[in-house]
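See below for the structure under consideration.
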Amino acid sequence: MIFADPIFLLGLALVPWLALWRGRHGKAPALVFSTAERARRISRRRLASPGAILLSLRLVGVACLVVALARPQQVEATSEIEASGIDIVLAVDVSRSMEALDFTLAGEPADRLEVAKSVIDRFVESRPNDRIGLVAFAGRPYLVSPLTLDHDWLRQNLERTTIGLVEDGTAIGTALASSTSRLRDPEAKSRIVVLLTDGVNNAGKVDPETAAEAARALGVRVYTIAAGTNGEAPVPVTDAFGQRRIVRAKVEVDEATLERVAAMTGGKSYRATDTDSLERIYEEIDRLEKRPIVATKYERHEDLFAWALVPGLALLLVEGVLANTRLRRLP
-7 MIFADPIFLL GLALVPWLAL WRGRHGKAPA LVFSTAERAR RISRRRLASP
43 GAILLSLRLV GVACLVVALA RPQQVEATSE IEASGIDIVL AVDVSRSMEA
93 LDFTLAGEPA DRLEVAKSVI DRFVESRPND RIGLVAFAGR PYLVSPLTLD
143 HDWLRQNLER TTIGLVEDGT AIGTALASST SRLRDPEAKS RIVVLLTDGV
193 NNAGKVDPET AAEAARALGV RVYTIAAGTN GEAPVPVTDA FGQRRIVRAK
243 VEVDEATLER VAAMTGGKSY RATDTDSLER IYEEIDRLEK RPIVATKYER
293 HEDLFAWALV PGLALLLVEG VLANTRLRRL P
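One point on numbering: in this note's numbering, the residue at position 64 of the sequence shown is 56, and numbering is uninterrupted.
See the structure below:
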C-alpha cells in the first residue's frame, strides 16, 4: 500500500494531542455521590467509563479521517517493458485521390488508403516497443493519435481513419510540420516521420521545404513515400444519376519535392506503385530504425480512501449521538 498524499499523515499527531487535551479540560461528571466509598463501588463495576468510550470513538474517527485524506492506494500492477526509444509519427494522405483502385488486397482491387492502412497496421504491430502517433491529412492535418505505446488503441483509430475525414486537398508541408511538432521529447533516441502521399502540395500554409528545414533543426528524420501507379489510375466516381462507376484518371505525384524533403532530413524517399512495393518499403524502414533500451511502464493504482473515510464518519456520528444522550451525564 502507498499514500498519494502522505503529508496528511502528520495529522495523526492530533490524536494524542486531543486525548491529552480532553484529559486536562474534560467536563466533570454530572452525577454527585454522597460518599467516596459509593463512587468507588460503582466505578469498580464499570470496565470503561462512558466518557472514555466517547473519547475513544472521537479519536479513532479522527484518525480514520486523517488516513483517508492521505489517500491510501493499492498498486494493482507494475510492469517493466522493453522500449526502443524511437518516436514515430505516421502521416497518411486521406484526400479523394487516395480512392484510386490501382492497388490490390487479398487479390482483389483496393483503394490506396485501404492498402496503406493494412500495411501500416502490420508495421505498427511489428514495433511494439516504439511510441507511435498518427496524423491524417488532406486539405489540413488531423491528429488521429498522439505518440503512444498503446498500439491496440492506435490500430483501432487507424481502422476508423477514412477519406473525407477533413476537407479535400493535399497539405504536405503543413502535415509534415504538424507531425514534427509531435516529436519534441528530448529523451527519444530517434525521432522519425513516415509521410505517405499520392499528390502534389496544393493546400496549407507551410511549404514542404520549410517544414523539412524545421524537422532537420529538431533532429527529425523524414521518410517519404509517393504512392500510386504511373500515368493513369482507375478512380470511382458518381455520375449525374447517382450511379457509381470507374473511370481512368491521370495520376500526379510530386516525387521531386518528396525526395528533397527526405534528403534534407537524412531520411529516404520511396515510390510505391503496388501493394508489394509498399510492403517492402515499410519493411525496410522497420529494419533501418532499431535502437533497443529499457523503460518502465506503471499501471494504475486503486484508491482505498473510502475504507478509512466511511468508518471515520460513522464513528464520529455515533460519538455525536451518544454525547447528546444520557450517556454524556455519566462519569
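Ideal placement from N, C-alpha and C gives every residue a C-beta, glycine not left out.
Here the structure is a predicted model, which is why all the values come from computation and not from measurement.
- Going by DSSP, I78 is part of no alpha helix (DSSP H) but of the beta strand (DSSP E) stretching over 78 to 85.
- Listed in chain order, the alpha helix (DSSP H) runs fully inside the segment 88 to 162 are 104 to 117, 143 to 151, counting runs of at least 4 residues.
- Of the residues assessed, V136 falls on the buried side of the cut-off, its CB having 16 or more other CB atoms within 10 angstroms.
- Annotation: the continuous beta strand (DSSP E) that includes D295 extends over 293 to 295.
- Between G165 and G196, the alpha-carbon positions lie close to 7 Å from each other.
- Fewer than three pairs of CB atoms, one per stretch, sit closer than 8 Å, so the segment 89 to 101 makes no contact with the segment 138 to 145.
- One alpha carbon belongs to R174, the other to V116, and they sit about 17 Å apart.
- Under the three-state reduction of DSSP output, A264 falls in the strand class.
- Residue pairing by DSSP places R272 in no beta bridge whatsoever.
- Around the beta carbon of N222, fewer than 16 other beta carbons lie within 10 angstroms, which makes this residue exposed.
- Going by DSSP, R252 is part of the alpha helix (DSSP H) stretching over 247 to 256.
- In this structure the segment 252 to 270 touches the segment 203 to 218; the number of beta carbon pairs closer than 8 Å is three or more.
- Here D199 has G165, N193 as same chain residues with Cβ atoms under 7 Å from its own Cβ, once five neighbours each way along the sequence are excluded.
- Between E311 and L49, the CB-CB gap stays under 8 Å.
- In terms of Cα proximity to G191, the closest of R213, A218, R183 is A218.
- Note that the C-beta distance between I184 and R147 is not below 8 Å.
- Distances from the CA of M90 to each of A98, G99, D103, D79 were compared; the closest alpha carbon is that of D103.
- Here DSSP, grouped into helix, strand and coil, assigns E244 to coil.
- Here the segment 234 to 251 does not lie against the segment 46 to 63, with fewer than 3 beta-carbon pairs under 8 Å apart.
- In the assembly as shown, F233 is an exposed residue. Its beta-carbon has fewer than 16 other beta-carbons within 10 Å.
- Excluding residues up to 5 positions away in sequence, nothing lies with its Cβ nearer than 7 Å to the Cβ of A298 in the same chain.
- Sequence-distant Cβ neighbours of A55 in its own chain, meaning closer than 7 Å and more than five residues away, are L4, V7.
- The beta carbons of V58 and L1 sit closer together than 8 Å.
- Of the candidates E294, T162, E106, E294 places its Cα closest to the Cα of M(-7).
- One thing to note: E201 has its Cβ no nearer than 8 Å to the Cβ of R132.
- In its chain, beyond the 5 residues on either side, A130, G131, R132 have a beta carbon closer than 8 Å to the beta carbon of E159.
- Taking 8 Å as the cut-off, the Cβ atoms of T189 and D85 count as close.
- Here R88 is actually not in contact with A(-4); their C-beta atoms are around 51 Å apart, not less than 8 Å.
- A62 carries a coil assignment under DSSP once its states are collapsed to helix, strand and coil.
- DSSP places E311 in no beta strand (DSSP E) but in the uninterrupted alpha helix (DSSP H) bounded by 298 to 315.
- Collapsing the DSSP output to three states places V52 in a helix.
- Residue range 224 to 230 is occupied by the beta strand (DSSP E) that includes P226.
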